[in-house]
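Structure first, then comments.
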Amino acid sequence: MQADPTKPILKLDEARQSQRLPGHGKAKPSRVIERDVQGQRLGPKLQRLRDFLAAGPQSVQNQPDGLEPERLLVFEVTGSVTDFAKAVNRIDGLMFAGEDLLDPDELDDDPQVYLLVPDRTALEQIVNLWQRWQRGMDLPKGFAPWRNLFLRLRDIRPWGPGDRVRPLDQSLLLEAVEDAGQDELIRLECELVFRTGADAAAIAQNVVAAAVMNAGGQVVSAARHSAFSYDAMLIDMPRDEVRRIAQLHAETLADLDPILSIMPQSMSTTVEEGETEAVTPDEMEAPLDEPVAAIFDAVPLQSHPWISDWLILSDPYDLQALSVGPRIHGTAMASVIVHGDRNINSQAIGRKLYFRSVMYAPAPNGFGVLPERFQDDRLIIDLMIEAVMTMRQEGFDDIVIVNISLGDANKKYGGRMSAWGRALDYLSYRYGLLFIVSSGNISSSLNLNGYVHPDDFNDANCDDKKSAVLSALDEVKADRRILAPAESINCLTVGAWHKDGMAEVQLPYGRFRPFPDCEMPNISSALGHGHKSGIKPDILLPGGREHIILSPAAPPASIRPQAQGTRFGGIRVASPPVVGQPQDQSTWIIGSSPAAAYATHTAHRLYEVLEREYGELFTDLPNQQKAVLLKALVAHPASWQGADKFITATKFPVPANWDQMRREVARHLGYGFVSPHDAVSCAGDRATLWASGRLGPQQAVEFSVPVPDDFSRSADTRSVKATLAWLSPTRPGHQAYRACKLRVIPLSDNSKHALGVSPIVEPPWTQTEAGTLIHRQWSGQAFGHMGAGGTISLQIQREKDQGPVLDDAIPFGLVVSVGMNEVAREN
Numbered sequence: 000m001q002a003d004p005t006k007p008i009l010k011l012d013e014a015r016q017s018q019r020l021p022g023h024g025k026a027k028p029s030r031v032i033e034r035d036v037q038g039q040r041l042g043p044k045l046q047r048l049r050d051f052l053a054a055g056p057q058s059v060q061n062q063p064d065g066l067e068p069e070r071l072l073v074f075e076v077t078g079s080v081t082d083f084a085k086a087v088n089r090i091d092g093l094m095f096a097g098e099d100l101l102d103p104d105e106l107d108d109d110p111q112v113y114l115l116v117p118d119r120t121a122l123e124q125i126v127n128l129w130q131r132w133q134r135g136m137d138l139p140k141g142f143a144p145w146r147n148l149f150l151r152l153r154d155i156r157p158w159g160p161g162d163r164v165r166p167l168d169q170s171l172l173l174e175a176v177e178d179a180g181q182d183e184l185i186r187l188e189c190e191l192v193f194r195t196g197a198d199a200a201a202i203a204q205n206v207v208a209a210a211v212m213n214a215g216g217q218v219v220s221a222a223r224h225s226a227f228s229y230d231a232m233l234i235d236m237p238r239d240e241v242r243r244i245a246q247l248h249a250e251t252l253a254d255l256d257p258i259l260s261i262m263p264q265s266m267s268t269t270v271e272e273g274e275t276e277a278v279t280p281d282e283m284e285a286p287l288d289e290p291v292a293a294i295f296d297a298v299p300l301q302s303h304p305w306i307s308d309w310l311i312l313s314d315p316y317d318l319q320a321l322s323v324g325p326r327i328h329g330t331a332m333a334s335v336i337v338h339g340d341r342n343i344n345s346q347a348i349g350r351k352l353y354f355r356s357v358m359y360a361p362a363p364n365g366f367g368v369l370p371e372r373f374q375d376d377r378l379i380i381d382l383m384i385e386a387v388m389t390m391r392q393e394g395f396d397d398i399v400i401v402n403i404s405l406g407d408a409n410k411k412y413g414g415r416m417s418a419w420g421r422a423l424d425y426l427s428y429r430y431g432l433l434f435i436v437s438s439g440n441i442s443s444s445l446n447l448n449g450y451v452h453p454d455d456f457n458d459a460n461c462d463d464k465k466s467a468v469l470s471a472l473d474e475v476k477a478d479r480r481i482l483a484p485a486e487s488i489n490c491l492t493v494g495a496w497h498k499d500g501m502a503e504v505q506l507p508y509g510r511f512r513p514f515p516d517c518e519m520p521n522i523s524s525a526l527g528h529g530h531k532s533g534i535k536p537d538i539l540l541p542g543g544r545e546h547i548i549l550s551p552a553a554p555p556a557s558i559r560p561q562a563q564g565t566r567f568g569g570i571r572v573a574s575p576p577v578v579g580q581p582q583d584q585s586t587w588i589i590g591s592s593p594a595a596a597y598a599t600h601t602a603h604r605l606y607e608v609l610e611r612e613y614g615e616l617f618t619d620l621p622n623q624q625k626a627v628l629l630k631a632l633v634a635h636p637a638s639w640q641g642a643d644k645f646i647t648a649t650k651f652p653v654p655a656n657w658d659q660m661r662r663e664v665a666r667h668l669g670y671g672f673v674s675p676h677d678a679v680s681c682a683g684d685r686a687t688l689w690a691s692g693r694l695g696p697q698q699a700v701e702f703s704v705p706v707p708d709d710f711s712r713s714a715d716t717r718s719v720k721a722t723l724a725w726l727s728p729t730r731p732g733h734q735a736y737r738a739c740k741l742r743v744i745p746l747s748d749n750s751k752h753a754l755g756v757s758p759i760v761e762p763p764w765t766q767t768e769a770g771t772l773i774h775r776q777w778s779g780q781a782f783g784h785m786g787a788g789g790t791i792s793l794q795i796q797r798e799k800d801q802g803p804v805l806d807d808a809i810p811f812g813l814v815v816s817v818g819m820n821e822v823a824r825e826n
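Structure, rendered in structure tokens:
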């Protein structure tokens, strides 16, 4: 099969409206607790509440179980409760404040909590519904979901100090206390329970502000964004008071009803410079002035010759004046976006890059260089909102790609969507933007519990070593989860592939390749899953070869990632000058930050290909459609490349449930590895086709995909891939956070037989269909029986909206490729 080398990506033109097919169904059942058992377990608690309410107006301070009007109540359930949020609206005074996930236990695989803010009347109605249900009576029309809730109710309790200050935040706050001076104020973020009414919100804000002042603190700034249900304050609190909050004392902010959560101020991850090397300026064609990509990052070194001609800097708060330390992160990320990995002689992007400064490099202190940091007196959510709005107000309306190679080191994803993730989901849909976000890096050491002494590990064979490293990762996977905002459902989340453009060489003593002879992520690259156990990170791009260092300390043996890049491994980037060295320097860096920047470079190159080949047919598309098409194109080459076999063999020596094994593979690999070259280049044995459009409520569209004649002439391995991306509106706090779901209908049996292909091993559909990116693959070697000029049908459809019906037509991008020998080459 020969693809047209002048058309690396072909337009998929033949499409027709189609009838939507039924959804999957097969929802995972949750544990049901029978009515009599529930009466014995929870009846006394509800009866005390009924007696309390029947007594009329009275003090609620000593109310048993703390169930009182105007408190945030927690309904712990054994799994998702269908249409519960809708049923809440039938009780006046009851507001659905959100849904969260609990850690699984021996009884429930996926327990969840639903949070409510009731008034007295609302509580009375809840109690009345409970009593009717306990007596076996039918519930009133529209209240049936309450029956499902009562059958799955594990507990009803107030939202308390342990909910407001989670265990990880407790430890981080106590660390901050230990590092602070006696009279020093510590800066915290305090998110409030979001109330839709402006008056109720103002009252809650005043209550919190007064409590902060009474404790000797002060409010630094506040932000409220109703579009994604965000109400928060940045506050300074005395050191001793922060200790009391972390210890969950009563009569502290941890016990204040209007507060949803208290956490340390957002702190971005950074990259470490490795060895440096002088650079010589390149003579390159000047880029066009109109940018289509942006980066939000730390103030860069604008004068560096690798990036100086490309940057359009936006710095409304003059963070440049504060950046007196080494400007490492922003300089490096801009370099990767412009050039990719400079270990490779690759083509630079052809347009300028819009750079918004949101961080700065502070002056070094007596202990050395300090990490670059966010603007101190602003909530990061406010910075992100303002950065996007300013970008548009400045007239950069053609920008559709935004790189955020940043993550909040203080906020690992644990089932609750972060405010930063919610903000990106809103901004992407509202402004038609593809946010490309790094998954985050976790650089802590790993204990090799199977090896008593480091020498034992040193003497082990290659297979045993790499299995030991993966087992060590698996034991602490809960502590190595993706960092906010990587769980955003609309963004493209990128992890770090253990790969770069340098040749393999002999490593220095004490350095090891963690997974020799096997493609894998770097061990520091944060792990999935995402919201509703969806695929995160979505894909892995080269993040530099991160070697491991064996600790010579006491047993058990332990390893740590080598955070600094060297000539032995790393993505080569522009770097600030080194004292005593020439001005123009380069260095090697490692991590998910350069991997995300590399994905942005790839998306930009794809934009240029589409613009060159299709002109106004592509450039006249609305920004939303451009964004989702680029998202699908970047992810389209993704493949597990055989790493799934290594992961399942190591983690499941005795085969387990098939879906469980594939979920664990996806935790590490997402949809798989993406080579930037493969994403952009045209292979002679592959044709890639694209389509973009919009789908209204419950609409479906069917595409006719041409099949190469070679499929029926050869038994060589052939493949079909389909990647669908879309942007969804969101419903913050609701169980159906993603408001809109699209699907790729699997190839029919007739099509698979005609092509001689079958589905390959990939993540289970329950994961692939939990986000806004679906990647399906089929391959085979059997002779097809399709004649010359044959076609297959591929259908995509919009499922019933998850929540109230949306009138909006949802933008989608679809990429399909058919190829010979491709799967054999990749896997």
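All residue numbers for the sequence shown refer to numbering that gives the first Met the number 0, where the first residue is 0 and numbers rise by one. Glycine residues also receive a C-beta, built at the ideal position from the N, C-alpha and C atoms.
Check: Whole-Å CB distance - residue 542 paired with residue 536, under 8 Å assumed; Outcome: In fact, because the Cβ distance is near 11 Å, the residues do not count as touching under 8 Å.
Check: Burial state of residue 811 (16 or more Cβ within 10 Å); Outcome: buried
Check: Contact belief for residue 790 with residue 706 at Cβ below 8 Å, rounded distance in angstroms; Outcome: 6 Å
Check: Validate contact between the region 555-571 and the region 261-276 using beta carbons, cut 8 Å, 3 pairs; Outcome: yes
Check: Limits of the alpha helix (DSSP H) - the one that residue 659 falls within; Outcome: 657-668
Check: Identity of the residues DSSP links to residue 568 by a beta bridge; Outcome: 565
Check: Where residue 616 falls, given that 16 or more other Cβ within 10 Å makes a residue buried; Outcome: exposed
Check: Under 8 Å between C-beta atoms of residue 851 and residue 357; Outcome: Summary: the structure shown does not reach residue 851, with the chain confined to residues 0 through 826, and so no result is reported for it.
Check: Start-to-end residues for the alpha helix (DSSP H) that takes in residue 169; Outcome: 166-178
Check: Environment of residue 819 [buried if 16+ CB atoms lie within 10 Å]; Outcome: buried
Check: Where the alpha helix (DSSP H) through residue 197 begins and ends; Outcome: 197-213
Check: With 16 other Cβ atoms within 10 Å as the buried cut-off, status of residue 461; Outcome: exposed
Check: Per DSSP, cross-strand counterpart(s) of residue 188; Outcome: 233 and 262
Check: Continuous beta strand (DSSP E) stretch holding residue 113: start and end; Outcome: 111-116
Check: Extent of the continuous alpha helix (DSSP H) to which residue 473 belongs; Outcome: 461-474
Check: Nonlocal neighbours in the same chain, by C-beta distance under 8 Å from residue 310, ignoring five residues either side; Outcome: 299, 301, 333, 351, 352 and 354
Check: Among 444, 121 and 50, nearest to residue 522 - alpha-carbon criterion; Outcome: 444
Check: The ligand NAP heavy atom lying under 7 Å from the CB of residue 42; Outcome: The ligand content of the structure shown is nil, which means the ligand NAP is not present either.
Check: Segment limits, beta strand (DSSP E) that includes residue 586; Outcome: 584-588
Check: Member of 611, 230, 131 and 103 whose CA lies at the smallest distance from the CA of residue 205; Outcome: 230
Check: Residue 726 beta carbon less than 8 Å from that of residue 428; Outcome: yes
Check: Through-space distance from residue 532 to residue 578, alpha-carbon basis; Outcome: 47 Å
Check: Closest by C-alpha distance to residue 142, when choosing among 156, 154, 169 and 127; Outcome: 127
Check: Under the three-state DSSP convention, the category residue 104 falls into; Outcome: coil
Check: Pairwise C-alpha distance: residue 398 and residue 583; Outcome: 29 Å
Check: Nearest-angstrom Cα separation, counted from residue 618 out to residue 478; Outcome: 43 Å
Check: Boundaries of the beta strand (DSSP E) in which residue 756 is found, first to last residue; Outcome: That residue, residue 756, is in no beta strand (DSSP E); it is neither H nor E in DSSP.
Check: C-alpha distance - residue 433 paired with residue 485, whole-angstrom precision; Outcome: 13 Å
Check: Selection from 162, 650 and 550 that minimises the alpha carbon distance to residue 510; Outcome: 550
Check: Backbone secondary structure at residue 225 - three-state DSSP; Outcome: helix
Check: Where residue 483 falls: helix, strand or coil (DSSP); Outcome: coil
Check: Contacts around residue 175, its chain only, beta-carbon distance under 7 Å, and the 5 residues preceding and following it disregarded; Outcome: 185, 241 and 263
Check: Whether residue 671 touches residue 638 by CB criterion (8 Å); Outcome: yes
Check: Simplified DSSP state of residue 240, which is helix, strand or coil; Outcome: helix
Check: Assumed close pair residue 363, residue 324 - CB separation to whole angstroms, cut-off 8 Å; Outcome: 6 Å
Check: Whole-number beta carbon distance between residue 529 and residue 770, since they are thought to touch under 8 Å; Outcome: 7 Å
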